[in-house]
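Numbering (full-length UniProt numbering), first residue to last: 1 to 390.
Below is one structure, written out as structure tokens; the observations come after it.
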Amino acid sequence: MAEMLVARLKPYSNIQHVAFIIGLGGLVPCPSIVDACLAASSGEQPRVLDLGCGTGIWASQMAQRYPHASVLGLDLAAPSPSANSSLPNLEFKIHDVNKGLATFYDSFNVVHARLISTGVNDYRLMMEEAERCLRPGGVVIFWDYDAMFCNENQVHRQAVAGSTDGEEGKVSWLSRCAYELRSGAPLRGSDILGMEKSLDEGLWGHELLDPETAQAASLFLPMGPWATGPDDKMTKKLQVIGSLIREDYGSAFRAVIGAFPRFGVPQNVIEEWRPKVEAELKSSALHMWTRSRLAWARRRAAPNEAAPRLPIPDSTPYGITPDPDTLLDQYSGYPTNGTTTDPTQNTKKLEKVGWLHLYKTAEECVNAAKVRNESLGTLPVPWVLRKGES
């Protein structure tokens, strides 16, 4: 139960999925590689495995995008019927990834694991199991949230409320709540810290994967509609994504705040934090970015060999795929809760917007993580480690 509550701070919701699609521009960070791995051929049917499929929305849209491929979603519970489970090439099964994936070894062209770390007991082991599910040349994609927000420059961390280095008025109470849940998760069986280490190192050192095909990235999405862009379209994109992300986090915060005593937070402290978080969400005075960790690579052809060359997809168009511009128009009226009523205080024009920061070497990936983490300063002792305080 506690693991599920931690997960709900970043729920695998369809609102969140829409924000990802608009920000990333599609379903995956490496579309040309996925297209090639799922190219139709006269041989084996291409297959996709979605680990921890949640609502089933990603698996469903992959099944529509690649109607010639079969898509399998695994999770601890079946998704709702609205996940297009009637699609002939889409199947869902109940399975716990912590029990291994031996049944699925050597069977898939694409393996995808998004936002599942809170339910994983050993993240590195899960990664190795997922990689064994690939056919030679297939691609694995790992994607998980960074629990700690980044500030406006996307390089350094947002100061956490209660830290000794934070300036008054420039610290985040939402970030403090995320910090408390992150701190409590490992004590309740969730390997969030292992996920952070594994994805911040990338996939270059994984035995089954070809390091020449490995890449990693940070996906930055604004927390709230505080940013404007160099043109109207970019401003619209920033505002819509920011509103969606803020709604997602706000709903999750309200869902889990009552469970904070399980993480050692006294009730009187909870009542002190609650209005501060709500005020922060409403104002968007802090110009924060959420960050997702992404890493992908292809399986070797054989031990110590390179991955096989990718096939060239034929010219046949793929099936229905979510269009980021259509989603942007559809959600353009999403409520901003009045956060932009005072533009001089709450918005800032960005001359250049970088959504996806790519890392092409392990050194780039590790160094970026080092800079982020060193900028946090001295954090407060999390409540889960305190004894008898109130």
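Virtual Cβ for every residue (Gly too), placed ideally from N, Cα, C.
- Cβ-Cβ distances below 8 angstroms link Ile312 to Ala36 and Ala39 in the same chain, with the five nearest sequence neighbours on each side left out; the list follows chain order.
- Annotation: the continuous alpha helix (DSSP H) that includes Pro275 extends over Gln267 to Ser283.
- Thr321 and Tyr331 have their C-alpha atoms spaced approximately 17 angstroms apart.
- At least 8 angstroms separates the beta-carbon of Ala297 from that of Gly137.
- Per DSSP, Gly250 lies in no beta strand (DSSP E); the unbroken alpha helix (DSSP H) holding it starts and ends at Asp232 to Val256.
- Residue pairing from DSSP places Val140 in a beta bridge opposite Val111 and Ala297.
- The residues Asn98, Gly189, Ser190 and Asp191, in chain order, have a CB closer than 8 angstroms to that of Asn121 in the same chain once the five nearest residues on each side in sequence are set aside.
- Secondary structure of His287 (DSSP, three-state): coil.
- Per the C-alpha coordinates, the member of Leu221, Ala252 and Leu310 positioned closest to His287 is Leu221.
- Asp329 and Ala185 have their C-alpha atoms spaced approximately 37 angstroms apart.
- Residue environment: Lys360 is assigned as exposed (fewer than 16 neighbouring CB atoms within 10 Å of its CB, all protein chains considered).
- Looking only at Gln16, Phe253 and Phe20, the smallest Cα-Cα distance to Leu174 is reached by Phe253.
- A check of alpha carbon separations from Gly73 across Ala113, Arg65 and Tyr105 identifies Ala113 as the nearest.
- Contact check for Tyr334 against Val240 passes: the beta carbons are separated by less than 8 angstroms.
- At a Cβ-Cβ threshold of 8 angstroms, Ile57 and Ala78 do not count as neighbours.
- Counting along the chain, Asp75 sits inside the beta strand (DSSP E) bounded by residues Ser70 to Asp75.
- Under the DSSP assignment, Arg47 falls in the beta strand (DSSP E) whose first and last residues are Arg47 to Leu51.
- When the five nearest sequence neighbours on each side are left out, the beta carbons in the same chain lying within less than 8 angstroms of the beta carbon of Leu199 are those of Phe142, Asp144, Ala216, Arg293, Leu294 and Ala295, in order along the chain.
- Boundaries around Ser218 are those of the beta strand (DSSP E), Gln215 to Pro222, since no alpha helix (DSSP H) includes it.
- Taking a cut-off of 8 angstroms on C-beta distances, the region 276-283 does not touch the region 144-153, as fewer than three cross pairs fall below it.
- By the Cβ test, the region 246-261 is not in contact with the region 366-382, since fewer than three Cβ pairs between them sit closer than 8 angstroms.
- Buried is the label assigned to Pro46, since at least 16 other Cβ atoms lie within 10 Å of its Cβ.
- The residues Val18, Ile21 and Ile22, in chain order, have a CB closer than 7 angstroms to that of Leu327 in the same chain once the five nearest residues on each side in sequence are set aside.
- In the DSSP assignment, the residues bridged to Arg157 are Cys150.
- Take His156, set aside five residues on each side of it, and the residues of its chain with a beta-carbon closer than 8 angstroms to its own are Cys150, Val371, Arg372 and Ser375, in chain order.
- The straight-line gap separating the alpha-carbon atoms of Arg135 and Leu181 is approximately 37 angstroms.
- Relative to the Cα of Ser70, the nearest Cα in the group Leu87, Gly54, Leu76 and Ser80 belongs to Leu87.
- At least 8 angstroms separates the beta-carbon of Met223 from that of Val353.
- Taking C-beta separations shorter than 8 angstroms and ignoring five residues to either side along the sequence, the partners of Leu187 in its chain run Val384, following chain order.
- Contact check for Val140 and Cys30: beta-carbon distance about 11 angstroms, past the 8 angstroms limit, so the pair fails to qualify.
- Contact between Glu131 and Arg299 is confirmed by a C-beta separation of about 7 angstroms, below the 8 angstroms threshold.
- Of the other Cβ atoms in all chains shown, 16 or more fall within 10 Å of the Cβ of Arg65; this residue is therefore buried.
- Counting only the Cα atoms, Tyr123 lies some 27 angstroms from Arg386.
- The Cβ atoms of Leu24 and Leu219 sit closer than 8 angstroms to each other.
- Going by C-alpha positions, Leu379 is about 23 angstroms away from Glu201.
- In chain order, Pro222, Pro225, Ala227, Thr228, Gly229, Leu350 and Val353 place their CB closer than 8 angstroms to the CB of Leu238, counting only its own chain and leaving out the 5 sequence neighbours on each side.
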